[in-house]
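Count along the sequence shown from 1, then add 730; that gives the number in our numbering.
Take a look at the structure set out below.
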Amino acid sequence: MNDSTFAIPASTEQLERAAAALQAHGFAVEILDDVATARIRLKSLIPAGASVFTGASETLRQSGIDDDINNGSRYDAIRPRVLTADRATEADAIRRMTATPDYVVNSVAAVTETGSLVLASGTGSQLPASAGGAAHAIWIVGAQKVVPDLTTALRRVEEHSLPLESERTMAAYGSPSIVSRLLVLNRELIPGRGTVLLLREAIGF
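Right, dumping it as structure tokens:
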């Protein structure tokens, strides 16, 4: 059962509380009006020619950011190479490419007003880059993903994000999604490594 209350965009005050807490924890944070602004901002944050790995994210797909990065010529896009690689013979190469890019661009399942980011994954393959493997990480976050605390964030994963993702995977692959890995980022220790682009509009799961 999907809890639709988790689809309600956060207020300006909630966004500002989350931004202040994240900044206090070492993350760079920008509050942007919409997806269009985020797409422009990414071009100034990521230099041309950088290797970029995008997480499997509805936020990136719906926003057009996935297409900007993976179907353009500006960056050394990793995901297209991963999708065409032979998983039987190139598994080690795939693991290294996805774990240690110059930049990882992804979203999160929730961001808390206490300054934590929560990522959920079925396989875990996209988590190492966000956890610290990538030299730089950028997370694009819709306003509806802001929650008061970590307890509520975990509820959002199970009661909102997972049902919607399962609906998508059932339609696409004939099987429901699972949450086999959770990554909680409480602090960024390397100055300038992690950037959160908080949007005033809702997008993604």
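We treat Cβ as the ideally placed atom computed from N, Cα and C, and that holds for glycine.
The model shown is predicted, which means the values in this text are computed figures rather than measured ones.
Classify residue i: buried if its beta carbon has 16 or more other beta carbons within 10 angstroms, exposed otherwise.
i      : result
GLU743 : exposed
ILE933 : buried
ALA823 : exposed
THR789 : buried
SER741 : exposed
SER734 : exposed
LEU919 : exposed
ASN836 : buried
THR819 : exposed
SER905 : exposed
TYR833 : buried
ALA859 : buried
ALA776 : In the sequence on display, residue 776 carries Ile and not Ala. Classification of ILE776: buried, given that the 10 Å Cβ count is 16 or more.
LEU929 : buried
THR842 : buried
ALA873 : buried
GLY845 : buried
Across which residues does DSSP place residue i in a beta bridge pair?
i      : result
ALA807 : VAL782
ILE795 : For ILE795, which the question treats as bridged, DSSP gives no partner whatsoever.
ARG911 : SER851
GLU760 : LEU927
THR735 : Per DSSP, none; premise fails for THR735.
ALA840 : VAL848
VAL871 : LEU928
VAL876 : VAL841
VAL812 : Bridge partners of VAL812: none, in fact.
Report, in whole angstroms, the separation of the C-beta atoms of residue i and residue j, which I expect to be a contact under 8 Å.
i      : j      : result
VAL759 : ALA749 : 4 Å
THR853 : SER910 : 7 Å
LEU772 : ILE795 : 7 Å
THR828 : SER855 : 6 Å
LEU752 : VAL926 : 6 Å
PHE757 : GLY924 : 5 Å
ALA840 : ALA883 : 4 Å
By the DSSP assignment, the alpha helix (DSSP H) with residue i in it spans what residues?
i      : result
ARG885 : 880-886
LEU847 : Unbroken run through LEU847 is the beta strand (DSSP E), 847-851; no alpha helix (DSSP H).
ARG826 : 821-829
ALA750 : 742-754
GLU897 : 892-903
Just curious, the beta strand (DSSP E) that residue i is in, first and last residue?
i      : result
ILE770 : Note, ILE770: premise wrong, no beta strand (DSSP E); alpha helix (DSSP H) at 765-775.
GLY863 : Premise fails: GLY863 is in no beta strand (DSSP E) and is neither H nor E.
**OP:** Say whether the segment 873-887 touches the segment 911-931, bearing in mind that this needs 3 or more beta-carbon pairs closer than 8 Å, one atom from each stretch.
**Re:** yes
Subject >> Validate contact between the segment 860-867 and the segment 800-815 using beta carbons, cut 8 Å, 3 pairs >> reply: no
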